[in-house]
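Below is one structure, written out as structure tokens, with a few remarks after it.
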Amino acid sequence: MNTEVLLDLQPEIIIGFAMNSNTKMFDNIEKAGIPVMFNGDWLEETPLGRAEWLKFFAILFEKETVTDSIFNTIEKEYNEAITIAKKATTKPTILSGSIFKDIWNLPAGDSFMAQYLKDANTDYLWANSQGKGSLSLSFESVFEKGQHADFWIDSGIYISYKELENANKHYTKFEAFKTKNIYSFAHQKGENGGLLYYELAPTQPHIILKDIIKAVHPELLPEYEPFFLKQLNNN
Amino acid sequence: MKNKDSHIIKTTNLSIGYFNRKGNSCVVDNINLSLNKGNFVCILGKNGIGKSTLIRTLTKVQPKLSGEIILNGEPLEAISNPELAKKMSLVLTERIPESNLTVYELIALGRQPYTNWIGTLSDNDQQQIKQAIKQVHIEGIIDKRHDELSDGQLQKVMIARAIAQDTNLIVLDEPTAHLDIHNKIEIFTLLKKLSKKLHKTILISTHEINLALQLADELWLMNDEGIISGQTEGLITNGSVSKLFSSDLITFDVKLKQFFCISVISHNW
Amino acid sequence: MFLGMLLLVFILINLSLGSVDIPFKSVIQTLTGSNPSKESWQYIILDYRLPKAVTAILVGSGLSISGLLMQTLFRNPLAGPFVLGISSGASLGVALLVLGVSLFSGSLTGLAFSNIGIAIAASIGSLLVLSAVMLVARRVKNTMSILIIGLMFGSFTAAIISVLAYFSPAEKLQQYVFWTFGSLGNLGWNEISILGILFLLCVGLLITIIKPLNSLLLGENYAISLGVNLKRTRNLTLIITGILTGVITAFSGPIAFIGLAVPHLTKLIIKTSNHRILLPAVAITGAILMLISDTIAQLPTSEYTLPINAVTSLFGAPIVIWLLIKKRALN
């Protein structure tokens, strides 16, 4: 970030993001008389908690009432989805993430994705692992554990089985590949090629949860049309 | 034709020196020399006069500026490197790079011009190597690494390598530099022995005037006016040797065949 | 012979140790063709660990051979593909391809993502840096200066890469960054056969220059006096090192220190400088060391793995320091 350009813009407020207490750049900006607020949404432990940060931004724009009702809807729909998921008679096993070079990156046990998978009433195979971020595991340990997983949710940037196979032929040895039960968030792209999932997901946890439920328990949401999470294309 | 046979090297109007961008810098020109078979020849002259340049040019290490060099009746530049390697072997002043080479391996490298594409040593090669080791009396150190040797030992090993290369001509650039007097004498007598016993032609550059005067069959004297060559005795008697250093500090005693420092003779203390 | 046996032992160790705990008996059963107790084990051994082991062997011996060639050619015990910036050259080639193509045109994009494209780019990059270092080395005779120049080439390429990275889309950058981590387990049999064929080609060429390489141990002038065609030998050596380092770096990412350290370790064990013995010995030692590094990197029985580069640096860096100290003592 270029501090000079930023000061020249003369914003009313800066929303900062900091990983630790070393915020030298922001201190400089504050000295220039521009107030700095830190966005801590990434510290939240549940998807709903993160969506609730809508309220924080609403205050800045003086739109508290509208936002409150929006968040209440999100919360209601999310909780309803959990209830629906509980009706499921099966609890499918789930594999996630993808391999790069030797390393298989997949969501850790305390991550949002793990929370979604839990709320969708599934058995995420790495649900008991520690950490909020991602796990970097060796291929063979993932293969040993996830080979027979019923579903593979979030297969990274690939949107077809062909692409997946070209990227790494080890993928084809998974049960979920053979039964075509792989789902990806990468279908919906924004204008500049970025994934809509990354941009919109934080404020739409209810949709993501329903997408997952639709994928693993289709019978529970017969009418529902998934938005972010879709099955990989066949070609 | 007989002439050709007795001359191993013959130069005509040879100019030696260096090529550079502004034009060639000539060190010595108009060199007409011949090197006779089986002779032990020493090149003498003060530092910077061009001894090394002459040696390097005659051995094709650096190109000549103009003129002609004939080796065994053929122009030097027409002889390919592999052919040349069977006619002439070298002992240079440069240090050998660091490696694990043992003395035996180092001498064995002298057989490379004769070995097959991958360098297998035949029985004959082994025999030649053994002979070379015997000639310079280094049987005791053949398993040592080359960087464990003293300067004198290393020089003998390099000479043994040149012998193993089995060429009629061996050229050595200042083979006794850095050696003590004992080793210097040993190397000189060894070279003399090689020329007499094995009928090798040996050409060296050296600063050991006194040893050269005693042992060399022929001298090439280099001074500012050019190069004078001839039998050692002849050059001593006609005064060429005493003119080698045109300086009032040094004088030459013809009878003793030795140079002396003038100050020692003229001032009594 | 002894080294060959040792290599076999370490291949077996490498195949039997990994994140998944597979009993040695099952490993042997799988390798001999009979069915092991679990299907997934068979897949892990034959389609994951075995290609990885083969890659480790090719990478380890290839880099070590490159290192030995450079040490002989530069007459410098501290030369090696990583130290002299050759690996950085390969990285630069890949960076220009992966990051640069996205900046300038779309037509080459297909090539940019194929492994062949990356292999070619890395080979060209390493050959260019190698020739540059070679040119400089002819003017500068001092060992330390050449090393510092190699280091400078490394920082220089790193600088170009960061400038490129600044203007590149995040997706391409990520692709490049992951590539730099270095890995052995990412290659399928197709890629391994490309690597293997090029490796064999280089070894074939190498055999033809064993004899001149030996005479180069005496220095260039002596080599010429022994009938060596210096230009041809030097060019062949450069080509072999360039291709080996480039292709290996392209497929497995930059791997540090193996090329430098292995020839020295080998020379400690085998007291000869004859390339006819030294080259195969160095190749096998390199393969063994790489297998050991990979086995350590897999952190057997844990689910995690270390980057292979970290492991080889742990081996290699102390060896370089030791060499420098030893050299100082000699001077």
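Protein chains in written order, with the numbering used here: chain B, 1 to 235; chain Y, 1001 to 1269; chain L, 2001 to 2331. Even for Gly, the Cβ is constructed at its ideal location relative to N, Cα and C.
CB contact below 9 Å: residue i versus chain L
i          : result
Glu-12(B)  : no
Gln-975(Y) : One cannot answer for residue 975(Y) here, as it falls past the ends of chain Y, which runs 1001 to 1269.
Lys-178(B) : no
Glu-144(B) : yes
His-170(B) : yes
Glu-4(B)   : no
Ile-103(B) : yes
Leu-232(B) : no
Where residue i falls, given that 16 or more other Cβ within 10 Å makes a residue buried
i           : result
Leu-2097(L) : buried
Cys-1042(Y) : buried
Ala-1160(Y) : buried
Glu-1208(Y) : buried
His-148(B)  : exposed
Ala-2170(L) : exposed
Asn-181(B)  : buried
Ala-2137(L) : buried
Asp-119(B)  : buried
Where residue i falls: helix, strand or coil (DSSP)
i           : result
Glu-1218(Y) : strand
Tyr-183(B)  : strand
Gln-2071(L) : helix
Val-1241(Y) : helix
Met-113(B)  : helix
Met-2001(L) : coil
Lys-189(B)  : strand
Lys-1144(Y) : coil
Leu-1014(Y) : strand
Thr-89(B)   : coil
Lys-1037(Y) : coil
His-1178(Y) : coil
Ser-2313(L) : helix
Gly-97(B)   : coil
Lys-1064(Y) : coil
Asp-2021(L) : coil
Tyr-124(B)  : strand
Delimiting residues of the alpha helix (DSSP H) encompassing residue i
i           : result
Asn-105(B)  : Here Asn-105(B) belongs to no alpha helix (DSSP H); instead the beta strand (DSSP E) covers 103-107.
Ile-2197(L) : 2189-2208
Phe-237(B)  : Because residue 237(B) is not part of the residues shown, which for chain B are 1 to 235, the question remains open.
Asn-166(B)  : 161-167
Limits of the beta strand (DSSP E) - the one that residue i falls within
i           : result
Trp-152(B)  : 151-153
Phe-1040(Y) : 1040-1044
Ser-129(B)  : First-last for Ser-129(B): undefined, no H or E at that position.
Thr-1201(Y) : 1201-1205
Gln-1258(Y) : 1258-1261
Sequence-distant residues of the same chain with beta carbon closer than 8 Å to residue i, five excluded per side
i           : result
Ser-143(B)  : Position check: residue 143(B) holds Phe in this sequence, whereas Ser was assumed. Once the five neighbours on either side are set aside, the close Cβ partners of Phe-143(B) are His-170, Lys-173, Phe-174.
Pro-1113(Y) : Pro-1082, Ala-1085, Lys-1086, Gln-1165
Proximity test, Cβ basis, 9 Å: residue i and chain B
i           : result
Val-2020(L) : yes
Glu-2220(L) : no
Ile-2044(L) : yes
Val-2320(L) : no
Within-9 Å CB hit, residue i to chain Y
i           : result
Val-2228(L) : yes
Pro-2077(L) : yes
Ser-2225(L) : yes
Ile-2210(L) : yes
Asn-2214(L) : yes
Ala-2276(L) : What sits at residue 2276(L) in the sequence shown is Arg, not Ala. With 9 Å as the cut-off, Arg-2276(L) counts as an interface residue toward chain Y.
Met-2001(L) : no
Ile-2292(L) : no
Ser-2066(L) : no
Contact set for residue i: own chain, Cβ-Cβ below 7 Å, skip 5 residues either direction
i           : result
Ala-2351(L) : Residue 2351(L) is absent from the model: chain L starts at 2001 and stops at 2331.
Gly-2150(L) : Val-2083, Leu-2084, Gly-2085, Val-2133
Gly-2106(L) : Reliability of the predicted coordinates at Gly-2106(L) is poor, the pLDDT of 48 falling under 50, and the value obtained from them is presented with this limitation in mind. Contacts found: none.
Leu-86(B)   : Leu is not the amino acid found at residue 86(B); the sequence shown has Lys there. Counting only Cβ-Cβ distances below 7 Å, and skipping sequence neighbours, we find Asn-121.
Ile-157(B)  : Ala-186
Ala-167(B)  : Tyr-158
Asn-2331(L) : With a pLDDT of only 45 at Asn-2331(L), under 50, the local geometry of the prediction cannot be trusted, and the value read off the model is given with reservation. Excluding sequence neighbours, Asn-2331(L) sits near nothing in its chain.
Chain-order list of residues whose beta-carbon lies under 6 Å from that of residue i (same chain, five-residue window excluded)
i           : result
Thr-2072(L) : Leu-2213, Leu-2216
His-1199(Y) : Gly-1038
Gly-1045(Y) : Lys-1051, Met-1222
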